[in-house]
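Asker:
Residue numbers (the UniProt record's numbering): 1 to 94.
1) Do you know whose CA, among 90, 2, 22, lies nearest residue 57's CA?
2) Does the beta-carbon of residue 62 have 16 or more other beta-carbons within 10 angstroms, so that it is buried, or is it exposed?
3) Here's a check: name, in chain order, each residue in its chain whose Cβ is nearer than 7 Å to the Cβ of residue 73, leaving out the five neighbours to either side.
4) Note down, in chain order, each residue of its chain lying with its Cβ closer than 7 Å to the Cβ of residue 53, except the 5 sequence neighbours on either side.
5) Shortest alpha-carbon distance to residue 13 belongs to which of 71, 90, 85?
6) Along the chain, where does the alpha helix (DSSP H) containing residue 75 start, and where does it finish?
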């Protein structure tokens with residue numbers, strides 16, 4: 001059971017993750033648009049990644065109960081951000 005202060009910190013972290021995730025999702029959509037990737041091509045890894053991220057920031061993040069889960073989602077966002085940075089600096093596309 002979390003203390004009121006821990007509960008507040010967890011809620012604050014959830015809000016930060018949501019905002020960060022939304023910003024990354026925006027970058028992801030922009031990349032997909034620039035690459036002319038069809039938004040309904042469910043065989044494309046970029047589309048799968050953006051769908052997964054949208055589900056995280058719209059649903060899964062509200063089910064978080066521990067700081068470990070927050071860290072896991074933060075790591076997931078870090079990974080997507082690294083991939084986007086790699087492809088925007090001339091790396092291979094997926």
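Ideal Cβ placement from N, Cα and C applies to all residues, glycine included. Quick caveat, the model's predicted, so the values are computed rather than measured.
Answerer: Taking the definition as stated:
1) 22
2) exposed
3) The beta carbon of residue 73 is closer than 7 Å to those of 17, 56, 61 in its chain, skipping five residues each way along the sequence.
4) 21, 24, 25, 28, 80
5) When C-alpha distances from residue 13 are compared across 71, 90, 85, the shortest belongs to 71.
6) It spans 67-88 - the alpha helix (DSSP H) in which residue 75 sits, taken as one unbroken run.
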